[in-house]
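Taking it in order: structure first as structure tokens, then the write-up.
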DNA sequence: TCCGGCAAAAATGTTCAACAATTCAACAAT
DNA sequence: ATTGTTGAATTGTTGAACATTTTTGCCGGA
């Protein structure tokens, strides 16, 4: 396919032709995020191999990638299943979020990184006006991702993105309540305002309250 | 408490035979931690396959596992190499440590979890008296692992154990200075005392100071 | 000598086919 | 209803093969 002419002196821009395994993982990740693959669903190697037109070994490598992100769980000799979060897991995820997000907010960020937070807030407002509940959830994820990005840490960003991916596992179970998200929007705006004013401690305090309410909401929806 | 799964009533005691790929990953992890495989070293699939008596595909699965832990890095079509941390990475690791450890310490812990912290402090003292610098480093890792374990979060524990594994990558480069560790020992003791007294904020403050000094030390050793 | 390019060699990425080991489902027997 | 047994389905692992990419070593020319 990519028949690069050897004689051309063009700099080889390594346009990440994603390895097949990586692309399979992305495809599965997408289907999980969209809810096409529900928690608890079993992923059979042979079926996927056939469906996606790749070998079993490649599917296997993709599984390893997803397992490391906790999106699927591997049961030895039984197969891999889309992760299904118990109440305990939900609490655990919020423990991680508190650690990471609060730390990032307390540390503050550059003007650009705070601008990114503001952009996510506005994105949420637009989605709310358009009645796009899907977009609202997405904007909310962007907001919290932007908060962590303020720390400028690659590792923290990776951890946060995995946490957000995990949260999508129970997002489509938690039917979106418009009024609830309205509150979140206001919260996000207040947190952002505090950051813009340079009052990181106030922002952290507000974020902590938000996370507490959010956890409460999720566990309530999940245990009912 | 037990992971509720419809069909699994009892945990199988299959501890005897871990999957081959998992064992290969453990073996490599060990060799990296011990310094037998130095940062930057290339891991050739075929050589390892032959040496360990497993197939290339199995080695590949082990690589995927280690890559997810950042112990090795994969360069497409070039191979996998033992991770080599730049100054930037060192800072990044400490950002994560601050987020996680401080959060755990601020949240405090149960009596047992604090006892585990105390045990790690004593372990360090014994190693110091015995002049066992290897044991000193190990005890220090146990201490910080115990701090995070106070939060009782499985995910936080996993993240911390990976961070500690990453730190071993530059530990054997940072030649151990006995006097330096003596200071650390005293710090750990003070942090533990604060926890035992229930003064989590004081413990967090001391931990923060420790982390700042530790980061400074590591970067100094690494850039020289 | 040094340099660019080119062909051969080596290593990785991926596929395919096979087999052992384990789990699962159906069914028979007590 | 519980327990064994059998056979099918699935996973774990291997080995070999091939395409693609990178690396190496060589060669001729400035």
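Protein chains in written order, with our numbering: chain A, 1 to 224; chain B, 1001 to 1224. Just so it is clear, CB atoms sit at the ideal spot from N, CA and C, and this is done for glycine as well.
Buried or exposed (CB count within 10 angstroms, at least 16 for buried), residue i
i                       : result
residue 122 of chain A  : exposed
residue 92 of chain A   : buried
residue 38 of chain A   : exposed
residue 134 of chain A  : exposed
residue 65 of chain A   : buried
residue 97 of chain A   : buried
residue 40 of chain A   : exposed
residue 1187 of chain B : buried
residue 203 of chain A  : buried
residue 1077 of chain B : exposed
residue 110 of chain A  : exposed
residue 89 of chain A   : buried
residue 153 of chain A  : buried
residue 209 of chain A  : exposed
residue 126 of chain A  : exposed
residue 224 of chain A  : exposed
Cβ of residue i within 8 angstroms of any chain A Cβ
i                       : result
residue 1189 of chain B : no
residue 1161 of chain B : no
residue 1092 of chain B : yes
residue 1156 of chain B : yes
residue 1076 of chain B : yes
residue 1103 of chain B : yes
residue 1057 of chain B : yes
residue 1054 of chain B : no
residue 1010 of chain B : At residue 1010 of chain B, the pLDDT of 30 sits below 50, so the modelled position is not reliable and the matter cannot be decided from this model.
residue 1224 of chain B : no
residue 1068 of chain B : yes
residue 1273 of chain B : Here chain B covers residues 1001 to 1224 and nothing more, so residue 1273 of chain B does not appear.
Within-8 angstroms CB hit, residue i to chain B
i                      : result
residue 213 of chain A : no
residue 200 of chain A : no
residue 23 of chain A  : no
residue 126 of chain A : no
residue 153 of chain A : yes
residue 100 of chain A : yes
residue 60 of chain A  : yes
residue 116 of chain A : no
residue 96 of chain A  : yes
residue 65 of chain A  : yes
residue 139 of chain A : no
residue 19 of chain A  : yes
Backbone secondary structure at residue i - three-state DSSP
i                       : result
residue 71 of chain A   : coil
residue 35 of chain A   : coil
residue 1211 of chain B : helix
residue 1198 of chain B : coil
residue 1043 of chain B : strand
residue 1053 of chain B : coil
residue 1205 of chain B : helix
Residue i Cβ short of 7 angstroms to the ligand ATP heavy atom set
i                       : result
residue 1064 of chain B : Absence of the ligand ATP from the depicted structure is noted, as is the absence of any ligand whatsoever, leaving it without description.
Is the stretch 1088 to 1107 of chain B touching the stretch 95 to 106 of chain A in the sense that three or more CB pairs, one from each, lie closer than 8 angstroms? The stretch 95 to 106 of chain A is in contact with the stretch 1088 to 1107 of chain B.
To test your reading of the DSSP string, which unbroken beta strand (DSSP E) runs of 3 or more residues are found completely within the stretch 109 to 169 of chain A? With a minimum length of 3 residues, there is no unbroken run of beta strand (DSSP E) contained wholly in the stretch 109 to 169 of chain A.
Between the stretch 1116 to 1130 of chain B and the stretch 1190 to 1206 of chain B, do three or more beta carbon pairs fall short of 8 angstroms? Result yes; three or more Cβ-Cβ pairs closer than 8 angstroms.
Do the stretch 1049 to 1067 of chain B and the stretch 52 to 70 of chain A make contact, defined as three or more Cβ pairs closer than 8 angstroms? The way I'd put it, the stretch 1049 to 1067 of chain B does touch the stretch 52 to 70 of chain A; three or more beta-carbon pairs between them come closer than 8 angstroms.
Count Cβ pairs between the stretch 1064 to 1080 of chain B and the stretch 1017 to 1030 of chain B that sit closer than 8 angstroms; are there 3 or more? Output reads yes: the stretch 1017 to 1030 of chain B touches the stretch 1064 to 1080 of chain B.
With a cut-off of 8 angstroms, do at least 3 Cβ pairs link the stretch 1127 to 1147 of chain B to the stretch 1107 to 1118 of chain B? These segments touch.
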